Every structure is written in structure tokens, then in C-alpha cells.
Amino acid sequence: MDSTPSQKNLLRLRCSVQNYDWGLKGHDSQVARLYALNSGSETRPDSPYAELWMGTHESGPSFVVQAPRASNGVSVDVDVDVDDDVGVSLKKWISENPNVLGDKVLHNWGCDLPFLFKVLSVAKALSIQAHPNKELARALHKARPDVYKDDNHKPEMALAITEFEALCGFISLEEKWDNISLSLLPGSQFFSSFRSTVLRFTGYLYYGYEVYKELKGVLCYVPEIIDMVGSAYANQILHVNEQDGEEKVKYILRSIFTKLMLASKEMIMKVLSNIKSRLQIESQVRKLTDKELLVLRLEKQYPADVGVISAFFFNYVKLNPGEALYLGADEPHAYVSGECIECMATSDNVVRAGLTPKHRDVKTLCSMLTYKQGFPEILQGVPLNSYVRRYLPPFDEFEVDRCILPRGASTVFPAVLGPSIFLVMAGEGIMHAGSFKGELVTEGDVLFAPANTEISIESESELQLYRAGVNDRFFQASL
Numbered sequence: 011m012d013s014t015p016s017q018k019n020l021l022r023l024r025c026s027v028q029n030y031d032w033g034l035k036g037h038d039s040q041v042a043r044l045y046a047l048n049s050g051s052e053t054r055p056d057s058p059y060a061e062l063w064m065g066t067h068e069s070g071p072s073f074v075v076q077a078p079r080a081s082n083g084v085s086v087d088v089d090v091d092v093d094d095d096v097g098v099s100l101k102k103w104i105s106e107n108p109n110v111l112g113d114k115v116l117h118n119w120g121c122d123l124p125f126l127f128k129v130l131s132v133a134k135a136l137s138i139q140a141h142p143n144k145e146l147a148r149a150l151h152k153a154r155p156d157v158y159k160d161d162n163h164k165p166e167m168a169l170a171i172t173e174f175e176a177l178c179g180f181i182s183l184e185e186k187w188d189n190i191s192l193s194l195l196p197g198s199q200f201f202s203s204f205r206s207t208v209l210r211f212t213g214y215l216y217y218g219y220e221v222y223k224e225l226k227g228v229l230c231y232v233p234e235i236i237d238m239v240g241s242a243y244a245n246q247i248l249h250v251n252e253q254d255g256e257e258k259v260k261y262i263l264r265s266i267f268t269k270l271m272l273a274s275k276e277m278i279m280k281v282l283s284n285i286k287s288r289l290q291i292e293s294q295v296r297k298l299t300d301k302e303l304l305v306l307r308l309e310k311q312y313p314a315d316v317g318v319i320s321a322f323f324f325n326y327v328k329l330n331p332g333e334a335l336y337l338g339a340d341e342p343h344a345y346v347s348g349e350c351i352e353c354m355a356t357s358d359n360v361v362r363a364g365l366t367p368k369h370r371d372v373k374t375l376c377s378m379l380t381y382k383q384g385f386p387e388i389l390q391g392v393p394l395n396s397y398v399r400r401y402l403p404p405f406d407e408f409e410v411d412r413c414i415l416p417r418g419a420s421t422v423f424p425a426v427l428g429p430s431i432f433l434v435m436a437g438e439g440i441m442h443a444g445s446f447k448g449e450l451v452t453e454g455d456v457l458f459a460p461a462n463t464e465i466s467i468e469s470e471s472e473l474q475l476y477r478a479g480v481n482d483r484f485f486q487a488s489l
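Sequential numbering from 11 applies to the sequence shown in the working numbering.
Here it is, written out as C-alpha cells:
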């Protein structure tokens, strides 16, 4: 089944916006700017604009609002039954034209897009969260459809537009702390003497930079965590060595993390107060680390929240523009600040446990996590040509292309076996697709491209655009 010629044209989409509290406000938000350009709506300067959604999910659907526009301003006919006010939803249009998905996508995922494409503008940290695997997603949706909106899993990838910060996955155990004595535990006389000696003679480089990247170091240098979880749990971590298996380490980590996340409100408030007081004193004799400064920032955003303390357990990741990270099911994370392109399987399932006023399901989150440790893989993108890089996470549902096209340059996106969505982030150019030649695109435009459609583009000013589509590895594996 191939796309018919009349269905190889680009479809212009009107997209949905989410005004979550953590979003950047008004003109500071890329989401606000793109949404205003895409929809023709005015934005409110004091309102947060957190996410622009491009896809078919019912929580933020896209609509086919008009036929493509030629470079001379003349509309071109395509097979779309469009409502003048809102337009037909993209999901409905696909259901009426399923061949636009291509055979393999239609066979594997049915009559819907397998991916959801987003732009995020993050002013303050999102929740400590994880996304369920397919089996758990079905169970959660069945039990609480008001909270868990669908029954799909949600692997995802974030591609930085600006400098971007995130907490992602558990820090490593690290063997260098295997021989730490129990006398180093907080509360012992030797512990206080040891910390003072480290501060006096080694400075913050070893104490500050290294230890917060390893779990044993955190337990030794954040004594307040021992107050929360108890010495018995801490001793289990401190006694683990390279002879112990991975599953034992995961079991111990799960126990101590669950104990921390289920601490009483009174204990959380006390521990955060003690951490703040200690760091204020220590800042007089050493430079605070990035992780410590982050914890203080998070505490200002979410006072008395256990998620602030849990940040010590996670990798602190800083992405430069053009770098990406991906997250599988059941992996803990929290985006902290910055703006990014995000792509994921079509789902809105989130299990939250901290840094949020929303519904929390702490026990579910603690039980579902994989407790894998180590720094996440950072994707730089694979160059397809001089202007386009492709980001390929290990998930079938999606991939993302990033295209930076100088003024007067041109490039071609070869036909692929599945559908694509294009977002023009900045600039303008002329797109050619299928039987139609000369589609004018400008910043804020979002376009749907059916399967098996070759697209070429010529820039009239420096053009930045992104494409989301089904992962090429899926098609290669099914050959």
C-alpha cells in the first residue's frame, strides 16, 4: 500500500499548547512564540507556556487547518475535509487516509501515529518522575484512567535547543569507596574530624566534584540522608563491593531510595533545614558544587519537598544545544531548566513522586524503577549531510532530525517508509513535496508529511527545522 499522489502533499497543522506551571512565561518562552505563530493566537505575558504538542494524542491533538500554501500565496487542493474554525483532527484524517502511514507502521501500530512530538520551555524543575512500561501502563490506566490517560509506554528523548539541565538515572556506586570504615558514618567522632580534614587539605575539588557522582560518597558527605534512612540501610551500601552482583546492588538501592521517598513530612522539613544550614556554613570555606547549588535552587522552587533531597541520588546532566539524551521506561528523571525538542511514544503517562503539586504515586514509582546506575548516553546526532543530523534512540517509535540550513542553501529529506512531522523553528524557506512544488514555510509552521514522500527545501533566510518520524531501525529490522 503506497500513498496516492494526492496524499503526498504536506498538510499544515494547528497544534495544542500546555500551560503547565513550570513553563517559561510569555515572550521568554519558545513555546509561546511558536504557538502564537502557529495558531495566530495572542499570548499572555504573565502566563506560563510549557509544551507545544504536535501529534494525535487526545490530551493535546493537532488539527489540519488548511491546504498547503504555494510560494505565490495560492492554495493547493488536497484531500482534506476541513472545518473553517478548528479543522479536522490529524487523528481523524489519518483514520480516513490510513495509507499515509505506510504499510509497516499501519501493521505494527494501527491507524495512529506511534510518536508524539513536542517543544518544551522549562523555567523550573519538572517532577521527579518515570514512565511505565507497556504492562504497567495497561494496569495503571485500567485502575486510574483519570490519572493515567492511556495504556501505552512512553520512552522519550530530549534534544536541547538551549543549554538544558536534567536529572537522569541513578549515580554510580563506584568502587573507590569500598574500603570506607563504618567509623565514617555521621554521628561518629571520627566522621566530623575526617570531614574537617578533607575540607582543610583537599578543598572542594575532590570533596565536592567527585563524591556527588558516586552513591557511597553521597552517603558519607550528606550526613542528613543517614538521618532519614538510618545507619543500617547506609551500611548496606557502604559494604557493597565488586564481588557483589548487580541485582544485590539494585535491591539495596531500591530499599534505601524507597525509605527516603517515604519519609515523613516532619523529617523532610528537618533534613532540608539542616542541609541548607550546613551548606551556608561550608560555603564560607569552599566553593559549593554544582549539585549542591542545584539542591538549593530546587528547595527554593519546592520547599519541604522530598524530591529536593532525592536529587543527590541522580545524575546531573547539562546538555549543550544540539545534544540529546533518551530515557527508557521505568527510569527516574526530572528536567530542570532550558528549552528542548522532545519526542516520545504516543502517551501521556507519568508516575510522579516529588517536585510537584500534582498527584503523587510514590510507592508505584519506587516499585517500578529499574535501579540501573550510570551516566546516561549523550547523543550528538549522526550527520546525514552538511546540514542535517539524525538522533536515533533505541526505540522503534521515533527518531528526530535537526536541520540548520544557511541562507540560500538547499537539502533533501529522502522518502521514508513512515510518516513525518516537520517543525520550522526559525527562518523561512520553500518546500517541495510529492506532486506539489513550492510550499512556503516560516517559523511556527508545523507540517505533516505522509509516508514515501521525498521533501526538498531551499532556505530564504537561515532556516532551523526539526523532523520527527518513525525510527529507521524499525524499518531496517523488518526487512
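For every residue, glycine included, the Cβ atom is placed at its ideal position computed from N, Cα and C. Quantities reported herein were computed from a predicted structural model and do not represent experimental measurements.
Under the three-state reduction of DSSP output, V157 falls in the coil class, being neither helix nor strand. When the Cα atoms are used, K114 and R264 turn out to be separated by approximately 39 Å. In chain order, D340, E341 place their CB closer than 7 Å to the CB of T380, counting only its own chain and leaving out the 5 sequence neighbours on each side. Distance from the CA of G240 to the CA of R288, rounded to the nearest whole angstrom, comes to 19 Å. Out of A46, G70, S39, the CA that lies nearest to the CA of Y59 is found in S39. Distance from V250 to I262 at the Cβ level is roughly 6 Å; contact confirmed, criterion being Cβ atoms closer than 8 Å.
Residue state for Y30 is assigned as coil, using DSSP reduced to three classes.
Spatial neighbours of M435 in its own chain (CB-CB distance under 7 Å, excluding positions within 5 residues in sequence) are listed in chain order as E453, Q474, L475, Y476. Going by DSSP, F485 is part of the alpha helix (DSSP H) stretching over 482-487. Here the region 164-174 does not lie against the region 309-323, with fewer than 3 beta-carbon pairs under 8 Å apart. For a cut-off of 8 Å, the C-beta gap from G479 to I138 is around 31 Å, too long to register as a contact.
If you check the CB distance, L130 and C350 come in under 8 Å.
Distances from the alpha-carbon of D406 to those of I104, P124, W32 put P124 closest.
Under the Cβ criterion (8 Å, minimum of three pairs), the region 414-422 does not count as touching the region 350-362. When the Cα atoms are used, L298 and E292 turn out to be separated by approximately 8 Å. For V392, the CB contacts under 7 Å within the same chain, skipping 5 residues up- and downstream, are R399, R400, L402 in chain order. In terms of CA proximity to D358, F127 leads the group C25, F127, G444. Between E409 and Y231, the alpha-carbon positions lie close to 40 Å from each other. Partner residues in the beta bridge of V361, as assigned by DSSP, are A140. The beta carbon of S69 is closer than 7 Å to those of K159, D358 in its chain, skipping five residues each way along the sequence.
Contact between I467 and G439 holds: their C-beta atoms lie close to 5 Å from each other, under 8 Å. H369 and A242 have their C-alpha atoms spaced approximately 31 Å apart.
Per the coordinates, the alpha-carbon of T268 lies some 15 Å from the alpha-carbon of L225.
The alpha-carbon separation between N107 and G384 amounts to approximately 44 Å.
Listed in chain order, the alpha helix (DSSP H) runs fully inside the region 284-324 are 300-311, 316-320, counting runs of at least 4 residues. In the DSSP assignment, W63 forms a beta bridge with S26, K128. Of G317, L169, M271, the smallest CA-CA separation from C376 is found for M271. Look at C121 here: in three-state DSSP terms it is coil, with no helix or strand label.
Selection V426, D455, E470, E449 evaluated against Q486 yields V426 as nearest (Cα-Cα). A distance of 8 Å or more separates the beta carbons of V74 and L44. Rounded to whole angstroms, the Cβ separation of S72 and S26 is 7 Å, and the two are in contact under 8 Å. Its chain contains D161 as the residues whose beta carbon lies nearer than 8 Å to that of K152, once the 5 sequence neighbours on both sides are disregarded; these appear in chain order. When the five nearest sequence neighbours on each side are left out, the beta carbons in the same chain lying within less than 7 Å of the beta carbon of H67 are those of L126, T356, D358, in order along the chain.
Annotation for L225: the continuous alpha helix (DSSP H) segment containing it runs 225-231.
The DSSP assignment places complete beta strand (DSSP E) segments of no fewer than 3 residues inside the region 350-434 at 361-364, 398-401, 409-415, 420-423, in order along the chain. For a cut-off of 8 Å, the C-beta gap from L304 to Y326 is around 6 Å, short enough to register as a contact.
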